[in-house]
Structures are given as C-alpha cells and as structure tokens.
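Only one structure is covered here, and it is reproduced in the block below.
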Amino acid sequence: MSYWALSLTLIFVLIPLLLSKTLNLGLGRDMTVATIRSIIQLLAVGYVLKFVFDSESLLYIFLMVALMIIAATHNAQKKGAAIQGITWKIAVTLIFVEVLTQGILIGFNITPATAQYIIPISGMVIGNSMVLSILFLNRFTAEVEDHQDQTELILSLGGTPKQAIHRQLINSIKASMIPTIESQKTVGLVQLPGMMSGQIIAGADPIQAVQFQLLIMFLLLTTAAVTSVFLGYLSYPTLFNKRMQLLKG
Amino acid sequence: MSTQYKPAIHFQHVDYRIGDIEILNDITGSFPQGRITTLVGPSGAGKSTLLKLCNGLISPANGEIFVKDKAIGEYDPVELRRMVGMALQSAPMISGTVYENLNLPLELQGQQLAKEDALELLEDVGLKGDLLDRKVKELSGGQRQKVSIARTLVNKPEILLMDEITSSLDRASKLEVEELISKINRKYKTTIIWITHNLQQALEIGDYTWVMMDGQVVETGESSLLEDPQNQRVNEFVKGVVS
Ligand SMILES: Nc1ncnc2c1ncn2[C@@H]1O[C@H](COP(=O)(O)OP(=O)(O)O)[C@@H](O)[C@H]1O
Ligand SMILES: [Mg+2]
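Chains A and B are the protein sequences, given in the same order. Counting along the first sequence from 1, when you hit position 51 you're at 51 in the UniProt record's numbering, and nothing is skipped either side. Counting along the second sequence from 1, when you hit position 112 you're at 112 in the UniProt record's numbering, and nothing is skipped either side.
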C-alpha cells in the first residue's frame with residue numbers, strides 16, 4: 001500500500017468524527033487520541049519488528065516477549081486487586097503459558113524458531129492469555145463475593161479451603177473459557193479471523209492461511225484452558241489464612 | 001455462674017474487630033459443658049460473631065478462647081469444626097437436592113450418608129421423607145432451616161452452635177425443634193449454645209442465658225434472670241423497648 005493510499009484511510013476516521021460532531025456524541029477527543037496513538041504505536045512496533053527480524057538475535061526476541069508479558073501483566077493486574085500478590089501470579093501464568101506453547105511449537109518442529117514466527121504467535125498467545133486472566137479474575141471475584149455464605153458453610157462443617165471454594169473456582173474457569181470456545185464454533189461463518197484476512201490480503205494462498213489459522217485457534221484453546229486453571233489454582237489460597245478462615249475484602 | 005460445671009468453651013477478655021470497628025469488646029465467661037446456654041440481645045449486638053469465634057470461623061483480635069480447656073489455636077481447624085458444629089443464621093444451602101445438602105458433611109470427608117440415615121435425620125427435624133430428592137431452591141424458609149439443623153447434626157458434634165434456627169418456623173415446628181435439641185442435649189450430653197430472638201424460648205429451653213448488647217455481655221446467669229433482670233438496659237430489652 002502506498003503512503004498516499006494509507007493517508008486516504010483517514011477518511012474512515014473522519015466519518016465517525018463528523019458523526020460525533022453532528023450528533024453531539026462527545027467522542028471526538030477520544031477518537032482523535034485513539035487514532036494518533038494507534039498510528040504512533042503501530043508504526044513504532046513495525047520498525048522495532050523490522051529491526052528484530054533483520055538482526056535475527058535471540059536476545060531481541062526474548063526482550064520483545066518479555067516486554068509483551070510485562071505490558072499484559074500490567075493490564076490484567078488491575079482486575080484482581082482483591083487478590084494478594086496478583087501481579088506476580090498473572091506474570092507467572094503468562095510466562096508459563098508462553099513457555100508451554102512455544103515449547104510445543106518449537107519442540108515438535110511445528111513452527112521454526114525464528115522471530116518471524118515466535119513474535120507474532122507469542123503476541124497472540126500472551127494477548128489472549130491476558131484477556132482470559134481478566135475474564136477469569138472478574139468472574140472469580142464476583143463468584144467468591146456472591147457465594148460467601150456457601151464458602152462459610154463448608155468451612156463450618158469442617159471442609160478445607162479448597163473444598164469451600166471448589167464450586168466457585170470451577171464455575172469461573174468454565175465461564176472464562178466459554179467465549180474462546182464459542183468464537184471457534186462460528187469461525188469462518190460470520191467473519192474471517194483477522195490474521196487469516198491479513199495473510200490473504202498480503203497475497204498468501206488461502207489454504208495455507210487456513211492452516212495457520214487452525215494452528216492459532218488450537219493454540220488459543222490451550223492458552224485459555226491453561227491460563228484459567230493455572231491462575232485459579234494460584235489465586236484461591238490467598239483468600240484464606242492459615243487458620244482456614246475466609247479473608248474478607 | 002457455673003463454678004460447679006466444667007466449661008465446654010471459655011472466653012477470656014476476647015475482643016473482635018473488623019478493620020477499626022470494635023464488634024466484640026472484652027468478652028469473658030464460660031459455657032457449661034452438657035448444658036444449654038441461650039444468647040439473647042438486640043440485633044447487631046454481636047451474637048452471631050461470638051458464635052463464629054467458637055468454631056474458629058474467625059479469630060479474636062485480643063484475648064483467648066478455650067475449647068474443653070485447650071486453647072482454640074491449638075486445634076486443627078477441621079477437627080475443631082467437626083467437634084463444634086454450627087447451624088448458620090442464614091441457613092445457606094449448596095445448590096442441589098436436600099440429600100446432597102445432608103450428605104455434604106460426609107462428602108467433605110470422602111464418605112457418603114446412607115439413605116436410611118438421611119431419612120431418619122429428616123424425620124428428626126419433622127420433615128417428610130419425600131423431600132429427600134427435592135431441589136433445595138424449592139424449599140420454604142422454614143424447611144431450609146430444618147435441613148440446615150439436620151445437616152449440622154450429621155457430624156455428631158459434641159458442642160452445637162445454633163444461630164436463630166427457629167426464626168422462620170411456625171409455632172408447631174418451633175416446638176418440635178426445641179424438643180429435638182433438648183433430646184440431643186439429654187441423650188448425648190451435648191453442649192448447646194443457642195442464639196434466639198425469642199425471650200420466651202430462651203426462658204423455656206435454656207439452663208443459662210447471656211444477654212449481649214453493643215458487643216458486650218451485660219448479664220449472665222440462670223435463664224430465669226430474664227424474668228426479673230437487675231440491669232436497667234436488660235430490663236428495657238426484656239420489656240420489649242429495644243429489639
Ligand atoms: N462482615 C462484616 N463486616 C462489617 N460489619 C460486620 C460484619 N459482620 C458483622 N458486622 C457487624 O458486627 C455487628 C455484630 O453483628 P452480628 O454478630 O451479626 O450481630 P447479631 O448476630 O447479634 O445480630 C453488627 O453491627 C454488624 O453490622
Ligand atoms: Mg445474628
């Protein structure tokens with residue numbers, strides 16, 4: 001795409017800006033900021049990626065992945081404020097998911113160990129793991145709060161913290177995975193996944209694009225399941241003290 | 001009051017706080033073993049909180065609690081809570097059937113409640129056997145309270161903590177439950193600590209009574225104290241001015 005064509009895409013920003021102004025939606029400022037930020041951030045990422053790809057240095061790949069994990073942790077951690085030490089728990093979860101998925105991909109020779117594969121796939125895995133963490137934490141804190149009396153009941157009957165929180169934990173793990181599973185059921189019918197569309201537009205063979213998309217989807221299924229279960233089992237013990245009492249607030 | 005009785009549970013200068021809020025203030029006293037002690041007082045006095053301290057659902061900020069002469073902190077929480085059983089005020093249920101709720105205490109220990117035992121428990125609390133497979137969400141408030149009592153009995157606790165367990169029951173059911181608890185008390189020498197809003201009930205079923213107000217114990221003694229309280233505030237409470 002030429003720079004002239006790229007500039008013309010700003011028409012797609014002007015339309016909502018005009019609508020916002022005419023209808024007094026008051027979104028003009030936010031949309032302008034969002035546009036400028038996306039231009040700067042994406043261009044910066046593009047140049048950084050180009051630099052990393054050209055250098056083919058494992059150190060740079062490692063640094064990029066580390067940066068993604070830090071940014072994703074920072075984003076997700078705001079949702080789990082009620083859970084002690086949530087920041088490092090999310091970080092450990094993201095690292096675990098990343099190491100596990102890349103380990104399988106590279107270990108079984110599914111994808112080559114080059115920046116071109118590791119970085120975009122890591123981006124998708126870490127990004128999805130972050131969203132799953134947020135979904136899980138939202139649901140789990142709500143479940144714990146809503147069913148405090150059942151937790152207290154099980155403790156009062158001589159149940160352990162794990163028994164007392166088991167239902168809430170399982171419900172939250174299931175609920176956080178549903179969007180991932182549901183979106184896979186309709187994939188291709190309603191809309192083409194972004195990555196696949198991008199590949200096809202860039203000139204790739206559609207069948208090859210589909211193969212990669214399948215790989216990514218299965219990868220994201222693992223990401224979803226492992227994130228919720230891992231984070232869940234790291235989180236629930238901090239809701240109790242050594243005397244097996246439920247800590248409030 | 002009870003120098004001739006061994007205490008089942010003894011409180012020694014116990015304070016309890018939530019954040020900066022003082023909920024219980026300097027509680028000292030004993031619950032005699034094998035006897036029924038009732039806890040009365042206006043709502044918000046701290047009765048439920050005191051009961052939760054007795055089976056270690058919460059711990060004091062200051063002071064010490066002894067259960068059968070052993071500091072409560074020395075018990076394994078699981079062992080303590082099976083020995084000191086509690087029927088919670090809100091009669092919480094796990095979702096599922098009446099049987100699943102009755103089975104819960106044993107399920108937590110990897111065991112299973114025999115169906116005959118479940119039926120017998122239902123009969124003890126005055127519920128029909130055909131309720132066994134009913135979903136708990138279909139039960140009335142009174143039925144839930146009865147299931148909650150029956151469930152508490154499954155662990156055969158030595159000390160029974162009852163938090164307003166007859167508040168949603170009609171007169172006949174109330175008498176039935178009172179009779180059941182007295183019977184358990186006589187038959188197994190179970191120590192009972194019973195919170196009730198109903199002063200008549202406290203007078204009839206209790207050997208001893210603690211009157212609580214604003215996080216403090218303001219009067220203790222044989223339950224007949226309620227007929228003629230010495231303390232001015234207790235007097236007002238008994239006359240029904242405060243509720
Ligand atoms: N989880 C809690 N958070 C804040 N305050 C509480 C909590 N539980 C109890 N309280 C307060 O402690 C006081 C005593 O409550 P409670 O023991 O339930 O009284 P009672 O059973 O005598 O009605 C009340 O003022 C109540 O508002
Ligand atoms: Mg209460």
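Glycine included, each C-beta is placed from N, C-alpha and C at the ideal position. Since the structure is predicted, the reported quantities are computational estimates derived from the model, not experimental observations.
With 16 other Cβ atoms within 10 Å as the buried cut-off, status of N101 (chain B): Residue mapping note: residue 101 (chain B) aligns to position 101 of the second sequence, counting from 1. By the 10 Å Cβ count, N101 (chain B) comes out buried.
For G206 (chain B), tell me which candidate among B:V218, B:M213, B:I193 and B:Q216 has the shortest Cα-Cα distance. Indexing the second sequence from 1 puts residue 206 (chain B) at position 206. If we check each option's Cα against that of G206 (chain B), B:I193 comes out closest.
Beta carbon of P229 (chain B) nearer than 8 Å to that of E219 (chain B): Position 229 of the second sequence, counting from 1, holds the residue named residue 229 (chain B). Position 219 of the second sequence, counting from 1, holds the residue named residue 219 (chain B). The Cβ atoms of P229 (chain B) and E219 (chain B) sit closer than 8 Å to each other.
With a threshold of 8 Å between beta carbons, is L58 (chain A) in contact with chain B? Taking the first residue of the first sequence as 1, we reach residue 58 (chain A) at position 58. So no, L58 (chain A) is outside the interface.
Determine which residues share a DSSP beta bridge with R17 (chain B) and list them. Counting from 1 along the second sequence, the entry for residue 17 (chain B) is found at position 17. Residue pairing by DSSP places R17 (chain B) opposite B:E22 in a beta bridge.
Q201 (chain B) versus Y99 (chain B): straight-line alpha-carbon distance, rounded: On the second sequence, residue 201 (chain B) is found 201 positions in, with the first residue counted as 1. On the second sequence, residue 99 (chain B) is found 99 positions in, with the first residue counted as 1. Rounded to whole angstroms, Q201 (chain B) to Y99 (chain B) spans 30 Å at the Cα level.
Across which residues does DSSP place L39 (chain B) in a beta bridge pair? Numbered from 1 along the second sequence, position 39 holds the residue referred to as residue 39 (chain B). In the DSSP output, where bridge partners are listed per residue, L39 (chain B) has B:I195 and B:W210.
Run the proximity test for Q216 (chain B): is its beta-carbon closer than 7 Å to any non-hydrogen atom belonging to ligand 2? For this step, residue 216 (chain B) is matched to residue 216 along the second sequence. No, Cβ of Q216 (chain B) sits at least 7 Å from all heavy atoms of ligand 2.
Any heavy atom of ligand 2 closer than 7 Å to the beta-carbon of K47 (chain B)? Counting from one through the second sequence, the residue named residue 47 (chain B) turns up at place 47. Within the chosen limit of 7 Å, ligand 2 reaches the beta carbon of K47 (chain B) through at least one heavy atom.
Note down the Cα distance separating T101 (chain A) from S38 (chain A), rounded to an integer number of angstroms. Here residue 101 (chain A) refers to the residue found at position 101 of the first sequence. Here residue 38 (chain A) refers to the residue found at position 38 of the first sequence. One C-alpha to the other measures close to 28 Å.
Which residues of chain B have a Cβ atom closer than 9 Å to the Cβ of T238 (chain A), listed in chain order? Reading the first sequence from its first residue, position 238 is the one you call residue 238 (chain A). Per Cβ cutoff of 9 Å: no residues; T238 (chain A) is ~17 Å from chain B at best.
Do the CB positions of L10 (chain A) and M31 (chain A) come within less than 8 Å of each other? The count along the first sequence starts at 1 and reaches residue 10 (chain A) at position 10. The count along the first sequence starts at 1 and reaches residue 31 (chain A) at position 31. Not in contact: L10 (chain A) and M31 (chain A) (Cβ atoms no closer than 8 Å).
Option in B:K137, B:L119, B:Q232 and B:K70 with minimal Cα separation from I94 (chain B): Against the second sequence, residue 94 (chain B) aligns to sequence position 94. When each option's Cα is compared against that of I94 (chain B), the closest is B:K137.
Chain B contacts made by the region 149-182 of chain A, where a contact means CB separation under 8 Å: D149, Q150, E152, L153, I154, L155, S156, L157, G158, G159, T160, Q163 and R167
Close-in-space but distant-in-sequence residues of the same chain around L234 (chain A) (CB under 8 Å, 5 per side omitted): The count along the first sequence starts at 1 and reaches residue 234 (chain A) at position 234. So the list reads K89, V92 and T93, once near-sequence residues are dropped.
With 16 as the cutoff for other CB atoms within 10 Å, does S148 (chain B) come out buried or exposed? Counting from 1 along the second sequence, the entry for residue 148 (chain B) is found at position 148. Result: buried.
A118 (chain B) versus R186 (chain B): straight-line alpha-carbon distance, rounded: The residue given as residue 118 (chain B) occupies position 118 in the second sequence. The residue given as residue 186 (chain B) occupies position 186 in the second sequence. Going by the C-alpha atoms only, they are around 22 Å apart.
Less than 8 Å between CB atoms is the rule here; does R29 (chain A) satisfy it with respect to chain B? Locating residue 29 (chain A) in the first sequence gives position 29, where the first residue counts as 1. No, because no Cβ of chain B sits closer than 8 Å to the Cβ of R29 (chain A).
Between N25 (chain B) and the rest of its own chain, which residues show a CB-CB distance below 7 Å, the 5 nearest in sequence each way excluded? What you label residue 25 (chain B) is simply residue 25 of the second sequence in a count that begins at 1. Counting only residues of its own chain and dropping the five nearest sequence neighbours on each side, N25 (chain B) has a CB closer than 7 Å to the CB of D15, G215 and Q216.
For T180 (chain A) and A224 (chain A), which I take to be in contact (beta-carbon distance under 8 Å), what is that distance rounded to the nearest angstrom? Reading the first sequence from its first residue, position 180 is the one you call residue 180 (chain A). Reading the first sequence from its first residue, position 224 is the one you call residue 224 (chain A). With a contact defined as Cβ atoms closer than 8 Å, T180 (chain A) and A224 (chain A) qualify at about 4 Å.
Can you give me the Cβ contacts of M177 (chain A) inside the same chain, cut-off strictly under 8 Å, excluding the 5 residues immediately before and after it? The count along the first sequence starts at 1 and reaches residue 177 (chain A) at position 177. Excluding sequence neighbours, M177 (chain A) sits near L132, A224, A225 and S228.
For F66 (chain B), name the three-state secondary structure that DSSP assigns. Counted from its first residue, the second sequence places residue 66 (chain B) at position 66. Reduced to three states, the DSSP call for F66 (chain B) is strand.
Start and end residues, beta strand (DSSP E) containing Q245 (chain A): Stepping through the first sequence from its first residue, residue 245 (chain A) is reached at position 245. From DSSP, Q245 (chain A) is part of no beta strand (DSSP E); its letter is neither H nor E.
Would you say the region 67-78 of chain A touches the region 104-115 of chain A, given that touching needs at least three Cβ pairs under 8 Å? Below 8 Å, too few C-beta pairs join the region 67-78 of chain A and the region 104-115 of chain A to call them touching: fewer than three.
So, is S243 (chain B) buried or exposed, given that buried needs 16 or more other C-beta atoms within 10 angstroms? Your numbering for residue 243 (chain B) matches position 243 in the second sequence. Note on S243 (chain B): pLDDT 49, under 50, position unreliable in the model; no value is reported.
Kindly examine ligand 1 and report whether one of its heavy atoms sits closer than 7 Å to the Cβ of S43 (chain B). Residue mapping note: residue 43 (chain B) aligns to position 43 of the second sequence, counting from 1. Yes, the beta carbon of S43 (chain B) sits closer than 7 Å to at least one heavy atom of ligand 1.
Got a sec, what are the start and stop residues for the beta strand (DSSP E) E222 (chain B) sits in? Here residue 222 (chain B) corresponds to residue number 222 of the second sequence, with the count starting at 1. Segment Q216 to E222, the beta strand (DSSP E) holding E222 (chain B).
Kindly indicate which residue of A:Q211, A:L221 and A:I165 has the alpha-carbon position closest to the one of M244 (chain A). Here the question's residue 244 (chain A) lines up with position 244 in the first sequence. Checked all of A:Q211, A:L221 and A:I165; the closest Cα to M244 (chain A) is A:I165.
Candidates A:R139, A:F140 and A:T160: closest to P77 (chain B) by CA position: The sequence position of residue 77 (chain B) within the second sequence is 77, counting from 1. Of the listed residues, the one whose Cα sits closest to P77 (chain B) is A:T160.
Who are the neighbours of G56 (chain B) on chain A, taking C-beta pairs under 8 Å? Position 56 of the second sequence holds residue 56 (chain B). In chain order: R243, M244 and Q245.
Could you tell me the distance, in whole angstroms, from the CA atom of F53 (chain A) to the CA atom of L23 (chain A)? On the first sequence, residue 53 (chain A) is found 53 positions in, with the first residue counted as 1. On the first sequence, residue 23 (chain A) is found 23 positions in, with the first residue counted as 1. Their backbone Cα atoms lie some 46 Å apart in a straight line.
Taking only three categories from DSSP, how would you classify P105 (chain B)? Numbered from its first residue, the second sequence carries residue 105 (chain B) at position 105. DSSP places P105 (chain B) in helix when its eight states are reduced to three.
Taking the beta carbon of V99 (chain A) as the centre, do at least 16 other beta carbons fall within 10 Å, making it buried, or is it exposed? Within the first sequence, the letter at position 99 stands for residue 99 (chain A). Label assigned to V99 (chain A): exposed.
Taking 7 Å as the cut-off, does the CB of K23 (chain B) come closer than this to any heavy atom belonging to ligand 1? As a working mapping, residue 23 (chain B) is identified with position 23 in the second sequence. Note that residue 23 (chain B) corresponds to Ile in the displayed sequence, not to Lys. Result yes, Cβ under 7 Å from ligand 1.
For R151 (chain B) and G19 (chain B), what's the separation of their Cα atoms in angstroms? Locating residue 151 (chain B) in the second sequence gives position 151, counting from the first residue. Locating residue 19 (chain B) in the second sequence gives position 19, counting from the first residue. Computed Cα separation, rounded: 33 Å.
Measure the C-alpha to C-alpha separation of I61 (chain A) and I119 (chain A) and round it to an integer number of angstroms. Counting from one through the first sequence, the residue named residue 61 (chain A) turns up at place 61. Counting from one through the first sequence, the residue named residue 119 (chain A) turns up at place 119. Looking at the two C-alpha atoms, the distance is approximately 7 Å.
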